[in-house]
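*Asks:* In order, the protein sequences belong to chains R and A.
Residue numbering for the first sequence follows our numbering, starting at 6 and increasing by one per position.
Residue numbering for the second sequence follows our numbering, starting at 6 and increasing by one per position.
There are 2 protein chains.
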Amino acid sequence: MKGRILEVARRIFGEYGFHGTTTRMIAQTVGIDISTLYYHWGEKGDLYEAVVLDIYEDLREKLIEVEGLIRGKPLSERLEIAINEMTDYLFEQPEISNLILFRYFAKTRHASPLDFRVPEFMSNIAHSMGLVPDKAQFPVDAKMKMLAVMNAIHNFVSGENFFLALLGSEHEAYVKGVKETLKFLLIPAFASGDNPCRPAKNA
Amino acid sequence: MKGRILEVARRIFGEYGFHGTTTRMIAQTVGIDISTLYYHWGEKGDLYEAVVLDIYEDLREKLIEVEGLIRGKPLSERLEIAINEMTDYLFEQPEISNLILFRYFAKTRHASPLDFRVPEFMSNIAHSMGLVPDKAQFPVDAKMKMLAVMNAIHNFVSGENFFLALLGSEHEAYVKGVKETLKFLLIPAFASGDNPCRPAKNA
DNA sequence: TTTTGTTTCCAGCAAATGATGGAAGCGTTT
DNA sequence: AAACGCTTCCATCATTTGCTGGAAACAAAA
Numbered sequence: 006m007k008g009r010i011l012e013v014a015r016r017i018f019g020e021y022g023f024h025g026t027t028t029r030m031i032a033q034t035v036g037i038d039i040s041t042l043y044y045h046w047g048e049k050g051d052l053y054e055a056v057v058l059d060i061y062e063d064l065r066e067k068l069i070e071v072e073g074l075i076r077g078k079p080l081s082e083r084l085e086i087a088i089n090e091m092t093d094y095l096f097e098q099p100e101i102s103n104l105i106l107f108r109y110f111a112k113t114r115h116a117s118p119l120d121f122r123v124p125e126f127m128s129n130i131a132h133s134m135g136l137v138p139d140k141a142q143f144p145v146d147a148k149m150k151m152l153a154v155m156n157a158i159h160n161f162v163s164g165e166n167f168f169l170a171l172l173g174s175e176h177e178a179y180v181k182g183v184k185e186t187l188k189f190l191l192i193p194a195f196a197s198g199d200n201p202c203r204p205a206k207n208a
Numbered sequence: 006m007k008g009r010i011l012e013v014a015r016r017i018f019g020e021y022g023f024h025g026t027t028t029r030m031i032a033q034t035v036g037i038d039i040s041t042l043y044y045h046w047g048e049k050g051d052l053y054e055a056v057v058l059d060i061y062e063d064l065r066e067k068l069i070e071v072e073g074l075i076r077g078k079p080l081s082e083r084l085e086i087a088i089n090e091m092t093d094y095l096f097e098q099p100e101i102s103n104l105i106l107f108r109y110f111a112k113t114r115h116a117s118p119l120d121f122r123v124p125e126f127m128s129n130i131a132h133s134m135g136l137v138p139d140k141a142q143f144p145v146d147a148k149m150k151m152l153a154v155m156n157a158i159h160n161f162v163s164g165e166n167f168f169l170a171l172l173g174s175e176h177e178a179y180v181k182g183v184k185e186t187l188k189f190l191l192i193p194a195f196a197s198g199d200n201p202c203r204p205a206k207n208a
């Protein structure tokens with residue numbers, strides 16, 4: 006039961022955000038009484054925290070998987086695989102992107118501790134993308150590049166409904182377009198070292 | 006008075022989103038009674054709509070201004086100027102980015118009409134960035150590239166607090182870093198036509 | 001001064017919302 | 001059967017929230 010509540014809460018918090026979600030919405034969707042929810046999870050904020058931890062854990066596992074997939078491949082291939090994998094994965098579980106963006110951008114009327122898990126993720130993926138030479142040091146500019154990359158995917162996943170209407174596309178074409186757009190943006194920038202034509206520096 | 010309410014509403018809706026904002030919060034910040042707010046603006050949803058229209062209008066004006074600034078310049082310079090201008094502008098008025106992202110990503114428990122103004126913006130800026138050869142037709146893939154670009158800026162603006170903590174930076178260094186990261190990503194991708202080395206096609 | 005129209009505030013309602021106490025259900029152990 | 005622990009539900013509370021009626025305050029016109 007506790008698990009089922011968490012699953013549903015994840016979806017609903019992802020759709021409506023913290024303040025847009027009521028404990029009654031969750032309980033009703035699960036099909037239980039609201040006090041059963043409180044029995045298992047305590048106050049709303051605690052459930053929300055649990056949801057966030059849950060999605061971070063899932064995301065962490067996926068990133069490790071992707072890291073394994075791309076290890077040893079040449080850089081531009083690494084990028085392509087990573088983009089394909091992460092895009093498909095997140096489109097299957099859009100709550101992940103939704104919740105991450107919510108946490109980045111939305112203030113929760115009650116203070117919530119800032120996140121701590123993100124840097125670890127970024128360090129791993131940045132390293133396997135060849136962005137940082139040595140895993141120990143992770144300079145700020147590399148972190149920002151990673152943020153830009155991850156956010157670009159999250160945006161397209163989270164904004165699907167809005168953007169579908171705007172573009173007049175269907176889901177499948179949209180997903181394909183997202184991958185192409187991401188590659189269009191990312192590969193030239195990150196693979197510049199591979200390309201003997203482009204100078205490595207651009208400040 | 007009506008105007009002052011709108012200003013404050015803009016900031017607060019931007020920070021907390023639709024559901025995270027209460028009409029009392031707005032009235033209190035303005036320093037007026039809550040019914041004065043209702044007298045001028047009607048229900049909460051109407052005020053929110055007015056706020057959204059307001060920020061779109063501001064954004065539209067700024068985009069026109071930028072369009073004028075970059076006209077005639079070579080492409081990579083156009084990109085650089087546009088990035089600098091838009092980044093500075095949005096950091097001064099982060100509610101704009103906040104509200105736009107909120108509208109993209111967050112469901113509002115009550116249905117709200119999807120937006121209509123975005124395509125026009127995108128068309129203009131895409132044309133002046135050299136993304137579409139002829140202003141009349143605006144293919145889907147070009148639209149998606151524009152979305153990626155605009156969202157990249159909005160993300161960094163909206164997520165400033167979160168990302169500052171994550172990066173351990175200060176505001177000024179952060180803004181500088183945002184511009185550099187954006188250029189790092191965008192210039193190689195969009196200026197490929199200028200660069201005789203990179204082939205134009207990348208599918 | 002009275003009138004008229006506009007704006008602001010006070011008081012309060014109805015519904016929604018977060019949260020709880022306590023009783024009932026239920027499976028396991030004794 | 002009785003006792004026990006765990007889980008679920010019913011009833012209910014206090015607060016928050018969106019919203020409104022009506023009275024005061026104010027300013028300009030008559």
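Every residue gets a Cβ at the ideal spot worked out from N, C-alpha and C, and that includes glycine.
Along chain A, in chain order, which residues have C-beta atoms closer than 8 Å to that of residue 109 of chain R?
*Replies:* Under the 8 Å cutoff, chain A gives 160, 163, 164, 167, 168.
*Asks:* Any Cβ of chain A within less than 9 Å of the Cβ of residue 186 of chain R?
*Replies:* Interface residue, yes.
*Asks:* Using CA coordinates, which residue listed in R:80, R:39, R:155, R:60 is at the minimum distance from residue 12 of chain R?
*Replies:* Out of R:80, R:39, R:155, R:60, R:60 has the C-alpha closest to the C-alpha of residue 12 of chain R.
*Asks:* Less than 9 Å separating the beta-carbons of residue 49 of chain R and residue 28 of chain R?
*Replies:* Taking 9 Å as the Cβ cut-off, residue 49 of chain R and residue 28 of chain R qualify as a contacting pair.
*Asks:* Between residue 193 of chain A and the ligand ATP, is there a pair consisting of the residue's CB and a ligand heavy atom that are separated by less than 8 Å?
*Replies:* Among the ligands in the structure shown, none appear at all, so the ligand ATP cannot be discussed.
*Asks:* Report the option in A:185, A:195, A:194 whose CA atom is closest to the CA atom of residue 89 of chain A.
*Replies:* Here the closest residue by C-alpha is A:185.
*Asks:* Got a sec? Which residues, its chain only, sit under 7 Å from residue 52 of chain A by beta carbon, not counting five neighbours each side?
*Replies:* Excluding residues within five positions, the ones whose Cβ falls inside 7 Å are 14, 46.
*Asks:* For residue 103 of chain R, decide whether its Cβ has a neighbour in chain A, counting only Cβ atoms nearer than 9 Å.
*Replies:* Taking Cβ atoms only, chain A reaches closer than 9 Å to residue 103 of chain R, which makes this a yes.
*Asks:* What are the start and end residues of the alpha helix (DSSP H) that includes residue 154 of chain R?
*Replies:* Element bounds for residue 154 of chain R: 145 to 163.
*Asks:* Tell me whether the segment 186 to 193 of chain R and the segment 187 to 195 of chain A touch, counting them as touching only if at least three CB pairs, one residue from each stretch, are closer than 8 Å.
*Replies:* Enough Cβ pairs lie closer than 8 Å, so yes.
*Asks:* Can you look up residue 204 of chain A in the DSSP assignment and give me helix, strand or coil?
*Replies:* Note that residue 204 of chain A has pLDDT 41, beneath the 50 cutoff, so the model's placement of it is unreliable and the number below is only indicative. Of the three classes helix, strand and coil, the one that applies to residue 204 of chain A here is coil, per DSSP.
*Asks:* By the 9 Å beta-carbon criterion, what residues does the segment 134 to 158 of chain R contribute toward chain A?
*Replies:* Listed in sequence order: 145, 146, 148, 149, 150, 152, 153, 154, 156, 157.
*Asks:* Which full runs of the alpha helix (DSSP H) of 4+ residues lie inside the segment 31 to 55 of chain A, going along the chain?
*Replies:* Entirely contained in the segment 31 to 55 of chain A, the alpha helix (DSSP H) runs reaching 4 residues are, in chain order, 39 to 46.
*Asks:* Along chain A, which residues have their Cβ under 8 Å away from the Cβ of residue 24 of chain R?
*Replies:* Result: 21, 22, 24, 25.
*Asks:* What number of angstroms, rounded off, separates the C-alpha of residue 71 of chain R from the C-alpha of residue 133 of chain R?
*Replies:* So the two alpha carbons sit approximately 9 Å from each other.
*Asks:* What residues in its chain sit with their C-beta under 6 Å from that of residue 131 of chain A, if we drop five residues either side in the sequence?
*Replies:* Correct list, in chain order: 137, 147, 151.
*Asks:* Beta carbon of residue 5 of chain R, beta carbon of residue 174 of chain A: below 9 Å?
*Replies:* As shown, chain R starts at 6 and ends at 208. That puts residue 5 of chain R outside it, with no answer to give.
*Asks:* Would you give the residue range spanned by the alpha helix (DSSP H) that residue 139 of chain R belongs to?
*Replies:* Careful: residue 139 of chain R lies outside any alpha helix (DSSP H) and carries neither H nor E.
*Asks:* For residue 96 of chain R, go through chain A and note every residue whose CB falls closer than 8 Å to its CB, in chain order.
*Replies:* Near residue 96 of chain R there are no residues of chain A at all, since even the closest Cβ is about 15 Å away, more than 8 Å.
*Asks:* Compare the C-beta of residue 77 of chain R with all C-beta atoms of chain A and state if any pair is closer than 9 Å.
*Replies:* No, because no Cβ of chain A sits closer than 9 Å to the Cβ of residue 77 of chain R.
*Asks:* Please report the straight-line C-alpha distance between residue 56 of chain R and residue 81 of chain A, rounded to a whole angstrom.
*Replies:* In a straight line, the C-alpha of residue 56 of chain R is about 43 Å away from that of residue 81 of chain A.
*Asks:* Taking C-beta to C-beta, are residue 5 of chain A and residue 24 of chain R nearer than 9 Å?
*Replies:* Residue numbering for chain A in the displayed model covers 6 to 208; residue 5 of chain A lies beyond these limits and cannot be assessed.
*Asks:* According to DSSP, is residue 112 of chain A helix, strand or coil?
*Replies:* Coil at residue 112 of chain A, not helix or strand.
*Asks:* Applying the 10 Å Cβ sphere with the 16-neighbour rule, what's the burial state of residue 99 of chain R?
*Replies:* Answer is buried; the Cβ neighbour count reaches 16.
*Asks:* Please report the Cβ distance between residue 86 of chain R and residue 95 of chain R, rounded to the nearest whole angstrom; I am assuming they are in contact, meaning their Cβ atoms lie under 8 Å.
*Replies:* No, residue 86 of chain R and residue 95 of chain R are not in contact; Cβ-Cβ is about 15 Å, not under 8 Å.
*Asks:* Per DSSP, what kind of secondary structure is residue 125 of chain A in: helix, strand or coil?
*Replies:* Of the three classes helix, strand and coil, the one that applies to residue 125 of chain A here is helix, per DSSP.
*Asks:* Got a sec: is the Cβ-Cβ distance from residue 205 of chain A to anything in chain R below 9 Å?
*Replies:* Any reading at residue 205 of chain A must be qualified, since the residue scores a pLDDT of 40, below 50, and its modelled position is unreliable; the value itself is stated next. With 9 Å as the cut-off, residue 205 of chain A does not count as an interface residue toward chain R.
*Asks:* Could you give the residue range of the alpha helix (DSSP H) that holds residue 92 of chain A?
*Replies:* Here the alpha helix (DSSP H) through residue 92 of chain A covers 80 to 97.
*Asks:* Do you know offhand how far residue 165 of chain A's Cα is from residue 34 of chain A's?
*Replies:* Each residue's Cα considered, the two are about 23 Å apart.
*Asks:* Could you tell me whether the Cβ of residue 194 of chain A comes closer than 9 Å to any Cβ of chain R?
*Replies:* Chain R, which has a Cβ nearer than 9 Å to the Cβ of residue 194 of chain A, makes this yes.
*Asks:* Should residue 222 of chain R be flagged as near chain A, meaning a C-beta pair shorter than 9 Å?
*Replies:* Not covered by the structure: residue 222 of chain R. The range shown for chain R is 6 to 208.
*Asks:* Please tell me whether residue 75 of chain A and residue 159 of chain A are closer than 9 Å, where the distance is taken between their beta carbons.
*Replies:* Contact: no.
*Asks:* Going by other Cβ atoms of all chains shown within 10 Å of its Cβ, with 16 needed for buried, is residue 77 of chain R buried or exposed?
*Replies:* Per the 10 Å Cβ criterion, exposed.
*Asks:* Just verifying my parser: in three-state terms, what is the DSSP assignment at residue 199 of chain A?
*Replies:* Confidence at residue 199 of chain A is low in this model, with a pLDDT of 47, below 50, so its placement is unreliable and the value that follows should be read with caution. The answer is coil: DSSP assigns residue 199 of chain A none of H, G, I, E or B.
*Asks:* Measure the beta-carbon distance from residue 149 of chain R to residue 182 of chain A and round it to whole angstroms, keeping in mind my assumption that it falls under 8 Å.
*Replies:* Yes, residue 149 of chain R and residue 182 of chain A are in contact; Cβ-Cβ is about 5 Å, under 8 Å.
*Asks:* Kindly give me the distance between the Cβ atoms of residue 126 of chain A and residue 64 of chain A, rounded to whole angstroms, as I take these residues to be in contact under 8 Å.
*Replies:* So it is a contact: roughly 7 Å between Cβ atoms.
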